[in-house]
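As you go down the protein sequences, you meet chains S and D in turn.
Using the working numbering, the first residue of the first sequence is number 1, and each one after it goes up by one.
Using the working numbering, the first residue of the second sequence is number 1001, and each one after it goes up by one.
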Amino acid sequence: MELLLNFISENLTMLYILVFIIFLGTEVISNVPTVLHTPLMSGANAISGVVIIGAIILIRQASADDYPILILGFFGILLAMINVAGGFAVTNRMLEMFKKKKK
Amino acid sequence: MEGTTTNLIYLICISLFIIGLKKLSHPDSARTGNLLAAAGMIGAIIVTLLTPLESGANNYGWIAGGMVVGTAIGLTVARKIKMTAMPEMVSLFNGLGGACAMLISIVEFYNHPAGEPLLSGQMITTFFALFVGSISFTGSLVAYGKLDGFLRDSLVLPAPKLINMVLLLVIIALSAYTLMQPQLNFTYVIVILGLSLIYGITFVTPIGGGDMPVVISLLNSFTGIGAALAGLIYGNQVMLVGGILVGASGTILTILMCQAMNRSLINVIIGGFSASGGGTAQSGDEVVKEATYADTAIMLKYAQKVIVVPGYGMAVAQAQHTVHDLEKTLEEEGVGFKYAIHPVAGRMPGHMNVLLAEADVPYPKLLDLDDANKEFASTDVVLVIGANDVVNPAAKTDTASPIYGMPILDVEQAKNVIVLKRSMNPGYAGIQNQLFFGERTRMLFGDAKSSLSKLVEEVNNA
């Protein structure tokens, strides 16, 4: 129990951010027309590729001969980068069609 | 000093994510929103690459390799993929993000210094990230397989609820046990990883293909939560905020989709369509009435008002452009032509909208569920193109039916209903549709695209 309290007090700012963002996230996203559900899901999916930041930090912190970490981190970056690049590109492609049609 | 600069730029990137998501939810600004979010992501990646670290060899070669190959694959796939295959693509991308969260937590366990206390908030968070990332990974792959068609719904696990419950309990118990030990036993971590990966499979497999939109949305929010947990491990705000934003948006979308089907999330997860049995099966005594192209063409040409109800069949046949051709041909004849879009038609919310937008169908011609239902009674012909469960009257009348309670498009109120369908096979939920045997219903069997082009031809000849 003490352990949990320690963890909370150490990360108090992060926990504040966490709770506020949950409210902000639901507020920002509600009221979306059905037309935009697929692009929105795809765009949000691309943003979830932000996990790549973790993989970058992890590789940078490793020493140059720590191959298990380097290899796991490499695949982490590779997979997350596909998610990021592909996700934004696909979303853009979907939204381009909406634009063309608006004329 | 450098730390402050980094954090300031992170703050700008976070703002770009939030503004981007906000703009993504309005049709006019959606494209800008996507580009802003992408700019935020590029900014966050560059800053993370440049910030000086206290220790470590940087290993930029490995990073560059992963990023270049990943970008090349991602962009190529995004450019080549057919619009109809979009839902499975999002699911696959989502799984890869989950896999990254999973890999990060494995490395965190691997890096855990011997002698440090195991039972800490940090380690508990890492276990959560491992679990959530793994489920998102394998679950998304199963969802991808189901949408792509190489995994069938007939693949049924014995007692899926029991298996899932037992797996979940074992994972929790083993994680707790591992944390209680004085030394980290990496074998346990591998076992928990394996069980979590299996859980992802057994979690999604029993859920019917008709519910896949809800599942993808749910798994999307899982990946977000995985990213946020990893952010908590590293004390990194961009990951935390980006992840939670996605977690919240995925959850809201999931709830919106469940509301559209008039079911609770628990109901979708525990009592999937295919798991709950077939409802009332039809005896097959009833006879469907087939339509001819010539008759249908004349019926369409002299109608006042025609409404098209598109479904997954239109996506499979790539018939959206042909539908638009029919729309233009009939409008020249003075026929009012509209589209009725059910919230869960296709395999993703908005799936039909995206396809019709690709075919240049004007925005105001698309009616949502409520507006469409007001119009059917005054409609001469309804063309159901490859839709099934969203027009099944059993959802209103048959309490034993697995889709009972889902709001449907009341097409049977129209004067004539023409159903374009490949065969009499039941729809994705695996249940028979009484509409096909209705008094005013005619069937037009065949591939939607070729049927429609024949119709366009006949209308021009008639």
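Virtual Cβ for every residue (Gly too), placed ideally from N, Cα, C.
Residue i vs residue j beta-carbon contact at 7 Å
i, j, result
"Gly1133(D)", "Gly1098(D)", "yes"
"Gly54(S)", "Leu1103(D)", "no"
"Gly1247(D)", "Ser1221(D)", "yes"
"Asn1034(D)", "Leu95(S)", "yes"
"Ala1057(D)", "Ala85(S)", "no"
"Ile1201(D)", "Val1142(D)", "yes"
"Ala1107(D)", "Leu70(S)", "Contrary to the premise, residue 1107(D) reads as Val rather than Ala in this sequence. Going by C-beta atoms, Val1107(D) is not nearer than 7 Å to Leu70(S)."
"Leu72(S)", "Gly1066(D)", "no"
"Val1287(D)", "Phe1436(D)", "no"
"Leu1444(D)", "Ala1291(D)", "yes"
"Gly1350(D)", "Thr91(S)", "no"
"Leu1253(D)", "Met97(S)", "no"
"Gly1311(D)", "Gly1386(D)", "yes"
Spatial distance of residue i from residue j (CA atoms)
i, j, result
"Met81(S)", "Leu1118(D)", "32 Å"
"Glu1331(D)", "Phe1337(D)", "7 Å"
"Val51(S)", "Leu1232(D)", "11 Å"
"Thr1032(D)", "Leu1024(D)", "8 Å"
"Met1314(D)", "Asn1425(D)", "16 Å"
"Gly1278(D)", "Gln1304(D)", "No answer about Gly1278(D) holds up, because its pLDDT of 38 lies below 50 and its placement is not dependable."
"Gly1346(D)", "Ala1377(D)", "24 Å"
"Ala1039(D)", "Leu1256(D)", "29 Å"
"Ala1030(D)", "Leu1367(D)", "21 Å"
"Val1214(D)", "Thr1399(D)", "23 Å"
"Val19(S)", "Gly1145(D)", "35 Å"
"Asn1236(D)", "Ile47(S)", "15 Å"
"Ala1275(D)", "Ile1207(D)", "With a pLDDT of 39 at Ala1275(D), under the threshold of 50, the predicted position of this residue should be treated as unreliable, and no value is reported."
"Thr1280(D)", "Ser1401(D)", "Note that Thr1280(D) has pLDDT 38, beneath the 50 cutoff, so the model's placement of it is unreliable and the number below is only indicative. Their backbone Cα atoms lie some 6 Å apart in a straight line."
"Asn1392(D)", "Ile1403(D)", "9 Å"
"Pro1158(D)", "Tyr1199(D)", "14 Å"
"Gly1061(D)", "His1324(D)", "50 Å"
"Val1090(D)", "Asn45(S)", "7 Å"
"Leu1092(D)", "Ala1078(D)", "12 Å"
"Gln1183(D)", "Asn1433(D)", "60 Å"
"Val1204(D)", "Gly1074(D)", "25 Å"
"Ala974(D)", "Gln61(S)", "Because chain D spans 1001 through 1462 in this model, residue 974(D) falls outside it and cannot be assessed."
"Ile1408(D)", "Val1390(D)", "5 Å"
"Leu1179(D)", "Asp1447(D)", "58 Å"
"Gln1122(D)", "Tyr1234(D)", "9 Å"
Residue i at chain D interface by Cβ criterion, 7 Å
i, result
"Leu58(S)", "yes"
"Phe20(S)", "no"
"Leu40(S)", "yes"
"Ser9(S)", "no"
"Thr91(S)", "yes"
"Leu95(S)", "yes"
"Thr26(S)", "yes"
Closer than 7 Å to chain S by CB, residue i
i, result
"Glu1358(D)", "yes"
"Ser1249(D)", "yes"
"Arg1347(D)", "no"
"Ala1387(D)", "no"
"Ile1063(D)", "yes"
"Tyr1177(D)", "no"
"Ala1448(D)", "no"
"Val1090(D)", "yes"
"Asn1461(D)", "no"
"Leu1355(D)", "no"
"Ser1015(D)", "no"
"Thr1071(D)", "yes"
"Ala1078(D)", "yes"
"Gly1277(D)", "Because the pLDDT at Gly1277(D) is just 38, under 50, the model does not fix this residue reliably, and the value given afterwards should be weighed accordingly. By this cut-off, Gly1277(D) is not an interface position."
"Cys1100(D)", "yes"
"Lys1022(D)", "yes"
"Gly1074(D)", "yes"
"Ile1192(D)", "no"
"Phe1093(D)", "yes"
"Val1215(D)", "no"
"Val1107(D)", "yes"
"Val1268(D)", "no"
Nearest-angstrom beta carbon gap, residue j and residue i [assumed within contact, 8 Å]
i, j, result
"Val1047(D)", "Ile1018(D)", "The Cβ separation is near 17 Å, so there is no contact."
"Ser1196(D)", "Ile1135(D)", "6 Å"
"Val1419(D)", "Val1381(D)", "No, Val1419(D) and Val1381(D) are not in contact; Cβ-Cβ is about 11 Å, not under 8 Å."
"Thr1084(D)", "Leu1355(D)", "7 Å"
"Ala1357(D)", "Thr1379(D)", "Not a contact, Cβ separation roughly 23 Å."
Residue i beta carbon near the ligand ADP (any heavy atom closer than 6 Å)
i, result
"Thr1397(D)", "With respect to small molecules bound, the structure shown includes none, and the ligand ADP cannot be examined in it."
Partner residues on chain A for residue i, Cβ-Cβ distance less than 9 Å
i, result
"Leu4(S)", "No chain A appears in this structure, whose protein chains are S and D."
Practice problem: Could you name the residues of the segment 1223 to 1242 of chain D whose beta carbon sits closer than 8 Å to any beta carbon of chain S, in the order they occur along the chain? | Solution: When CB distances to chain S are screened at a threshold of 8 Å, the residues of the segment 1223 to 1242 of chain D falling below it are Thr1223, Gly1224, Gly1226, Ala1227, Ala1228, Ala1230, Gly1231, Leu1232, Ile1233, Tyr1234, Gly1235, Asn1236, Gln1237, Val1238, Met1239, Leu1240, Val1241, Gly1242, in chain order.
Just by C-beta distance, which residues in the segment 1036 to 1065 of chain D are closer than 7 Å to chain S?
Ala1037, Ala1038, Met1041, Ala1044, Ile1045, Thr1048, Leu1049, Leu1053, Ser1055, Gly1056, Ala1057, Asn1058, Asn1059, Trp1062, Ile1063, Gly1065
Along the segment 70 to 89 of chain S, where does the CB come closer than 8 Å to a CB of chain D? Name the residues.
The segment 70 to 89 of chain S vs chain D, Cβ under 8 Å: Leu70, Leu72, Gly73, Phe74, Phe75, Gly76, Ile77, Leu78, Leu79, Ala80, Met81, Ile82, Asn83, Val84, Ala85, Gly86, Gly87, Phe88, Ala89.
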